[in-house]
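Participant: Okay, handing you the structure first.
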Amino acid sequence: MTTIQRTATVTRAAAAVAFVLAFVAGVPILLIAMIGNPVPEGWTLNSPLTDHAVLGLIACLAWIFWAQMTLCLAVEVIAEVRIAAGRPADWLSRVPGTTGGQQALARALVQAVVAVGLTSAVATATPGPWTMPAGATSGTSLQPAHDVTTPTSTSATLPRPPTQLAHPPVQQRSTHATMVEVTKGDSLWSIAAQHLGSGERWREIAALNEGRQMPDGVHFRSATSILPGWKLMVPAPAVVSGTTASETTVSDLITVERGDTLWGLSEEAYGDGKDWPKIFEANRATIEDPDLIFPGQQLRTPGTHYNAPATRPPKPAHHNHPQQPSTGTQEPPAHQAPPTTVPTPAPPALSGEQPPVSRFDKPTDATHPNVTADADGSGALARSLIGSGVFLAGGLFLALIARRRNQFRTRRSGRTIARTPDALIETERTVRTAGSAGGEAAEFLDLALRDLATRLRSSGGDMPEVQAARLTEAHLDLMIGGSATDPPAPWMVADRGTCWKLARDHRPVDADIAAPYPTLVSVGADDDGGTWLIDLEAACVLHVVGDQPAAAGLVRFMAAELATNPWANTVDVALCGVAAELIPLNPTRLAEAAELDIGKLTKSARRIREAAEATGLGVLEGRLSGLGADSWMPSVLLADVGTKHIYSGEVDGVLEELSRLRGRNAIALVAIGPDEVAEGAIRLTVDSAGRLVTPWATLEANRLGHDEATALADLFAASEADAADEPMPIASRVDGTTNDVDVAGALTDDVTDTRNGVGGPTSLLPRPDVEYLAAAATTGEDLAILAPAVTPGIRDRVLSDDATLEADHAGWTDVAETRPKLHLLGPVEVHVAGDSPHDVERRTAYYAELIAYLATRPDGVTPQQMAEAFSMQTNSLHSRIATLRKWLGADPLTEELYLPESTLTAASKARGIPVYQLDGVLSDADLFTRLRARGQARGPAGIEDLVSALRLVAGKPFDQLRPGGYGWLAENPVDHYLTAAIVDVAHIIATHALAENDPELAAWAAERAIAAAPCEDKPRLDLARAQTTLGRPDEAKEYVASEIFNRSDDGDAPLEPSPRTSQVLGLGTL
1 MTTIQRTATV TRAAAAVAFV LAFVAGVPIL LIAMIGNPVP EGWTLNSPLT DHAVLGLIAC
61 LAWIFWAQMT LCLAVEVIAE VRIAAGRPAD WLSRVPGTTG GQQALARALV QAVVAVGLTS
121 AVATATPGPW TMPAGATSGT SLQPAHDVTT PTSTSATLPR PPTQLAHPPV QQRSTHATMV
181 EVTKGDSLWS IAAQHLGSGE RWREIAALNE GRQMPDGVHF RSATSILPGW KLMVPAPAVV
241 SGTTASETTV SDLITVERGD TLWGLSEEAY GDGKDWPKIF EANRATIEDP DLIFPGQQLR
301 TPGTHYNAPA TRPPKPAHHN HPQQPSTGTQ EPPAHQAPPT TVPTPAPPAL SGEQPPVSRF
361 DKPTDATHPN VTADADGSGA LARSLIGSGV FLAGGLFLAL IARRRNQFRT RRSGRTIART
421 PDALIETERT VRTAGSAGGE AAEFLDLALR DLATRLRSSG GDMPEVQAAR LTEAHLDLMI
481 GGSATDPPAP WMVADRGTCW KLARDHRPVD ADIAAPYPTL VSVGADDDGG TWLIDLEAAC
541 VLHVVGDQPA AAGLVRFMAA ELATNPWANT VDVALCGVAA ELIPLNPTRL AEAAELDIGK
601 LTKSARRIRE AAEATGLGVL EGRLSGLGAD SWMPSVLLAD VGTKHIYSGE VDGVLEELSR
661 LRGRNAIALV AIGPDEVAEG AIRLTVDSAG RLVTPWATLE ANRLGHDEAT ALADLFAASE
721 ADAADEPMPI ASRVDGTTND VDVAGALTDD VTDTRNGVGG PTSLLPRPDV EYLAAAATTG
781 EDLAILAPAV TPGIRDRVLS DDATLEADHA GWTDVAETRP KLHLLGPVEV HVAGDSPHDV
841 ERRTAYYAEL IAYLATRPDG VTPQQMAEAF SMQTNSLHSR IATLRKWLGA DPLTEELYLP
901 ESTLTAASKA RGIPVYQLDG VLSDADLFTR LRARGQARGP AGIEDLVSAL RLVAGKPFDQ
961 LRPGGYGWLA ENPVDHYLTA AIVDVAHIIA THALAENDPE LAAWAAERAI AAAPCEDKPR
1021 LDLARAQTTL GRPDEAKEYV ASEIFNRSDD GDAPLEPSPR TSQVLGLGTL
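Going by full-length UniProt numbering, the first residue of the sequence shown is number 1, and it counts up by one from there.
Encoded structure:
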């Protein structure tokens, strides 16, 4: 701190002391001397309001304000004394009976005085020197050091003279340091006590952070108070005498594995599971609930002092203890910070030594004698998709949903789309859970960059030469190379113009413009949890060196992102020697190159240069203007060159061609190969532990193993649009007897007869087929499947089996009904009468998922099955079920619980084992299938039941799900069954209505189905036929052209009409 800064701090303190003394002592003296007793003698409420009375009233208000401020000052002094003693002061954060402004003023005054002590301390402290990595240039740091030592990396430049790659210096202190986020009630003393073992060491933290910019833009000054949300660097203690560099003196990081609990980790770290609160308190920033820890999380174990083993030792047997936190490893986890120690590159293994083993290598008995991998590889896939894998997770999830939409487009009546093969259910579960949580980040990045392009086009600005990007929970950073104009609002400039920032709370608009940076791919995460992306176009030639399996995993990850990133839809990717197994993810973008042909890449670069010369535009300018959009589509070659030395000749040709074009070219070469790197290529170095050195930062690399990539490819291959649909499963019964209905509510073949083209009095559609074919958009197959004749006697059996349907349906529509109501035919919601337990109020979406899971298993589920579905142990499940039971309550008339104990349910009594089962909870999905079954059994009169069922539909089934949840739908795709059921019921209603000359009812049914299943052709054809019947044939034809022939459900070109759609259109009824 400078002399001027210290003088200013002392001056502020003196002014604060003077103000406090004058206020606390001077105000009472002044009021007594000038006013005296503020209430005039003998004054009553009926007395006239004199000048003396008005002054007295003002004096009363002054006395009240004085008392409030004095109380605030006293509380703040007490708080500072407690904090200085290392004791918590959160309970003093708000003084009752005062305003926030009064307490803020009191806090500022007291802390201004306290700051004098901080000032003298920092003035005598000596911060550690800043050092630059080899090859770095001077400038402002893009990434501060976080428990790292300075790496040595080779400098790199862009492979063309006009636009040189900026080398942002990664400034780092010579001492080790970790990053700590300030929370409410923290002080420098308390942080030092927690992380350094003594509050007296707060001066070291103050010295280390002096002048650093905090997330809110404020620069840290030891003379000012710290605020929640700030991130402070905390020095790690020096290694004690007698320890080695591989030992940890204050805290160690341990990776959570499937089945881990805080109790078990505590036994492993401290020898006693009762010490689990130490781990919980040390990781409060990443663990909200001690019952919920996730595979792949990195947790600090403070106070340990032992040699860290290369692999986890065998876990001790975990026993149930009443004091232990209930377990809960659940996938996918939210992002967790990677290990905060950057390992130095490992030397070559000596004779007889085992080389480091990558977590993506196939384990062997020799390398992992005590580690068992998941049989299906889902654990490794989950680790790839959490954290910095957020973009790949989101892209895979959206791509899988698009595949499902295409499957529904070709689904036949009465059937469901193909189920996921059993061997791939865990893979889909992982994609669902990780991807649903990662979609927001991908959408934000995509829309933010398109919105930026739109704003620059409107203002006449130029797109910046983005070389890399970093996304955090707070903001998006673009690392800019070369000169750039000022960004449009709300973007901000940082680091002397080399970085553009956008706050994450900004909501960019969806712009109809080409993605400006289609080859952005994520490569890893820094120690602050920021996800880094590299623009392959800007790099042009990228050489990945180091550990070859890890390098292949990184390039394989890039390929998967290029196949699924929503902004990469114009990229053409050739795969040579690596990642070819990923082609089924997106055969439109990915293709295998049998031979390494860099000359082809050179030709692509030449074509783009010629287009630029013809239009007078650069690549980014062309995308911004929209002129010749197909000329700027990127070509990327990902290659494993092995030991080939290709850089001597062929790459030189690429670089020479690139140098002829001002700015970037729309090509990129990413090569895995030997350590020799051609001049002009960007070098990425990854070691076997996954630490990746880039020109911008050192990261935990993204990697995708071969087995995980193959599983993903198999999953996507099984979800192709032409995959055969399947019969609807039969609904199960608790007693195991045969049911009369399937899971969609339709009567089974055992209780129906064939139509034989004539309908009949027991069919929902009793007219002959020829009449329906002439009036509606249907086929003979539809009529035979959806409206068969009903076997005699089945009507009475169905009605007797469901005697409560009428009362349950009436209860659903009755606002005074006290039974819990679960909405699944639209956004998932739960309505429960009465107050909610505190834990439910904080986690309503989670408990709604528990109810949805139970409701979709009416025959019950064992505790073990449910615990496995939610990736937790049964003791954790019992605790949450108890909370859920308390929330749902009991029937006010019978006092029977809506969620009975597992040993008292009907299913438990029938099966003789504990089974969870809901009793009396109303569900729109359950009512829908029951109404459909009754309606079909009633024949023509049952149409009114189908109409009642369709009125329950509020949108797409299972819509707006909790991020990271509902992975169990992979095993039991109830959402698919309900979607198909809604479309089929709506088609029966529309067919009936059109034959009865009621096109309004047909249009209503079709629109309900379209809202629930926008990917199906059947309801759109029903709507078009209704428009024709209403006398609007031209409108119907335009609708068919846009919504049938030219509709795309996956972002690619429209599919050819399905055989059923072609048959309906060929009938000429539209």
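For every residue, glycine included, the Cβ atom is placed at its ideal position computed from N, Cα and C.
Just so it is clear, the structure is predicted and the values come from calculations on it, not from any experiment.
Between Thr178 and Val234, how many whole angstroms is the CB-CB distance? I'm expecting something under 8 Å.
Facilitator: Taking the sequence shown and counting its residues from 1, the one referred to as residue 178 is at position 178. Taking the sequence shown and counting its residues from 1, the one referred to as residue 234 is at position 234. Their Cβ separation, rounded to whole angstroms, is 5 Å, which keeps Thr178 and Val234 in contact under 8 Å.
Participant: Helix, strand or coil for Gln194? Go by DSSP, reduced to three states.
Facilitator: Here residue 194 refers to the residue found at position 194 when the sequence shown is read from its first residue. Of the three classes helix, strand and coil, the one that applies to Gln194 here is helix, per DSSP.
Participant: Check whether chain C comes within 7 Å of Gly395, counting only Cβ atoms and requiring the distance to be less than that.
Facilitator: Protein chains in the displayed structure number just one, and chain C is not present.
Participant: Would the segment 1036 to 1047 count as touching the segment 790 to 799 if we require 3 or more Cβ pairs under 8 Å?
Facilitator: Touching, no.
Participant: Leaving out five residues on either side along the sequence, give the residues of the same chain with a beta carbon under 6 Å from the beta carbon of Leu478.
Facilitator: Numbered from 1 along the sequence shown, position 478 holds the residue referred to as residue 478. Closer than 6 Å at Cβ, skipping near neighbours: Val466, Ala469, Trp500.
Participant: Count Cβ pairs between the segment 891 to 899 and the segment 855 to 870 that sit closer than 8 Å; are there 3 or more?
Facilitator: No, the segment 891 to 899 is not in contact with the segment 855 to 870.
Participant: Which residue marks the beginning of the alpha helix (DSSP H) containing Ala33, and which one marks its end?
Facilitator: In the sequence shown, residue 33 corresponds to position 33, counting from 1. Unbroken alpha helix (DSSP H) run through Ala33: 27 to 34.
Participant: Over what stretch of residues does the beta strand (DSSP E) that includes Met479 continue unbroken?
Facilitator: Within the sequence shown, numbered from 1, the residue matching residue 479 stands at position 479. From DSSP, the beta strand (DSSP E) with Met479 extends over 475 to 481.
Participant: Within the same chain, show all residues whose beta-carbon is closer than 6 Å to that of Val390, passing over the 5 residues directly before and after it, in chain order.
Facilitator: In the sequence shown, the residue the question calls residue 390 occupies position 390. For Val390, where only same-chain residues beyond five positions count, the Cβ hits under 6 Å are Gly438, Ala441.
Participant: Which one or two residues does DSSP pair with Arg415 in a beta bridge?
Facilitator: Counted from its first residue, the sequence shown places residue 415 at position 415. Arg415 pairs with Pro727.
Participant: Please name the residue or residues paired with Ala829 in a DSSP beta bridge.
Facilitator: Within the sequence shown, residue 829 is the residue found at index 829, counting from 1. Per the sequence shown, residue 829 should be read as Glu rather than Ala. Partner(s): His823.
Participant: What is the DSSP secondary structure of Pro940, reduced to helix, strand or coil?
Facilitator: Counting from one through the sequence shown, the residue named residue 940 turns up at place 940. Pro940 falls in the helix class under three-state DSSP.
Participant: Identify which residue in Ile401, Thr433, Met214, Arg405 has its Cα closest to the Cα of Leu385.
Facilitator: Counted from its first residue, the sequence shown places residue 385 at position 385. The option with the nearest alpha carbon to Leu385 is Thr433.
Participant: In terms of residue numbering, what span does the alpha helix (DSSP H) encompassing Ala538 cover?
Facilitator: As a position in the sequence shown, residue 538 is number 538, starting the count at 1. Run containing Ala538: 536 to 539, per the alpha helix (DSSP H) assignment.
Participant: Do the segment 775 to 788 and the segment 941 to 956 touch if we need at least three Cβ pairs shorter than 8 Å?
Facilitator: No, they do not touch.
Participant: Using the Cα positions of Pro1059 and Ala789, report the straight-line distance between them to the nearest angstrom.
Facilitator: If you number the sequence shown from 1, residue 1059 lands on position 1059. If you number the sequence shown from 1, residue 789 lands on position 789. Each residue's Cα considered, the two are about 26 Å apart.
Participant: Which residues in the same chain have their Cβ closer than 6 Å to the Cβ of Val830, if we skip the five residues on either side of it in sequence?
Facilitator: For the purposes of this step, residue 830 is taken as residue 830 along the sequence shown, with counting starting at 1. These residues qualify, in order along the chain: Leu822, Ala848, Ile851.
Participant: Please determine, among Arg911, His838, Thr844, the residue with the shortest C-alpha to C-alpha distance to Gly860.
Facilitator: Position 860 of the sequence shown, counting from 1, holds the residue named residue 860. The shortest Cα separation from Gly860 among Arg911, His838, Thr844 belongs to Arg911.
Participant: Apart from the five residues just before and just after Val114, which ones in its own chain have a Cβ nearer than 6 Å to its Cβ?
Facilitator: In the sequence shown, residue 114 corresponds to position 114, counting from 1. Cβ neighbours of Val114 beyond the five flanking positions: Glu80.
Participant: If the criterion is Cβ atoms closer than 7 Å, does the pair Leu188 and Ala206 meet it?
Facilitator: Within the sequence shown, numbered from 1, the residue matching residue 188 stands at position 188. Within the sequence shown, numbered from 1, the residue matching residue 206 stands at position 206. Yes, the pair counts as a contact, with Cβ atoms nearer than the cut-off.
Participant: Tell me the rounded alpha-carbon separation between Arg880 and Asp547.
Facilitator: Along the sequence shown, read from residue 1 onward, the residue named residue 880 stands at position 880. Along the sequence shown, read from residue 1 onward, the residue named residue 547 stands at position 547. Using only the alpha carbons, I get a separation of about 45 Å.
Participant: In whole angstroms, what separates the C-alpha of Val770 from that of Ala382?
Facilitator: Counting from one through the sequence shown, the residue named residue 770 turns up at place 770. Counting from one through the sequence shown, the residue named residue 382 turns up at place 382. Roughly 54 Å separates the two Cα atoms.
Participant: So, do the segment 960 to 975 and the segment 801 to 818 have three or more beta carbon pairs nearer to each other than 8 Å?
Facilitator: The answer is no - the segment 801 to 818 does not touch the segment 960 to 975, with fewer than three Cβ pairs under 8 Å.
Participant: Are the CB atoms of Pro1033 and Val983 nearer to each other than 7 Å?
Facilitator: Counting from 1 along the sequence shown, the entry for residue 1033 is found at position 1033. Counting from 1 along the sequence shown, the entry for residue 983 is found at position 983. No, these two residues do not count as a Cβ contact at 7 Å.
Participant: For Leu299, which three-state DSSP category applies?
Facilitator: Counting from one through the sequence shown, the residue named residue 299 turns up at place 299. The answer is strand: DSSP assigns Leu299 an E or B state.
Participant: Here's the rule: buried if 16 or more other CB atoms are within 10 angstroms of the residue's CB, otherwise exposed. What is Met34?
Facilitator: Looking up residue 34 in the sequence shown gives position 34. Label assigned to Met34: exposed.
Participant: Would you mind listing the beta strand (DSSP E) stretches within the segment 548 to 582 that are 3+ residues and don't spill past its ends, in chain order?
Facilitator: Within the segment 548 to 582, the complete beta strand (DSSP E) runs of at least 3 residues are 572 to 576.
Participant: Output the residue ranges of the alpha helix (DSSP H) runs that lie fully inside the segment 767 to 829 and measure 4 residues or longer, sorted by chain position.
Facilitator: You should have 769 to 775, 780 to 786, 794 to 801, 805 to 813.
Participant: Pull up the distance between the alpha-carbon of Asn406 and that of Asp722, whole angstroms please.
Facilitator: Within the sequence shown, numbered from 1, the residue matching residue 406 stands at position 406. Within the sequence shown, numbered from 1, the residue matching residue 722 stands at position 722. If I take the Cα positions, the gap works out to 8 Å.
Participant: Once DSSP output is grouped into helix, strand and coil, what is the label at Ile913?
Facilitator: Against the sequence shown, residue 913 aligns to sequence position 913. It is coil, neither helix nor strand.
Participant: For the beta strand (DSSP E) containing Ser763, list its first residue and its last residue.
Facilitator: Start at 1 with the first residue of the sequence shown, and residue 763 comes out as number 763. Ser763 -> no beta strand (DSSP E), and no H or E assigned at all.
Participant: Does the distance from the C-beta atom of Pro729 to that of Val741 stay below 7 Å?
Facilitator: Indexing the sequence shown from 1 puts residue 729 at position 729. Indexing the sequence shown from 1 puts residue 741 at position 741. No, the Cβ-Cβ distance between Pro729 and Val741 is not below 7 Å.
Participant: Please say whether Met463 and Leu456 have beta carbons closer to each other than 7 Å?
Facilitator: Along the sequence shown, read from residue 1 onward, the residue named residue 456 stands at position 456. Along the sequence shown, read from residue 1 onward, the residue named residue 463 stands at position 463. Yes, these two residues count as a Cβ contact at 7 Å.
Participant: Within the same chain, show all residues whose beta-carbon is closer than 6 Å to that of Ala681, passing over the 5 residues directly before and after it, in chain order.
Facilitator: Translated into the one-based positions of the sequence shown, residue 681 becomes position 681. Excluding positions up to five away in sequence, the list reads Val541, His543.
Participant: Return the chain-ordered list of same chain residues with a C-beta closer than 6 Å to the C-beta of Ser138, the five sequence neighbours on each side being excluded.
Facilitator: Here residue 138 corresponds to residue number 138 of the sequence shown, with the count starting at 1. Caution is warranted here: a pLDDT of 31 is assigned to Ser138, below 50, making its placement in the model unreliable, and no coordinate value can be reported.
Participant: With DSSP run on the structure shown, which of helix, strand or coil describes Met179?
Facilitator: Locating residue 179 in the sequence shown gives position 179, where the first residue counts as 1. Of the three classes helix, strand and coil, the one that applies to Met179 here is strand, per DSSP.
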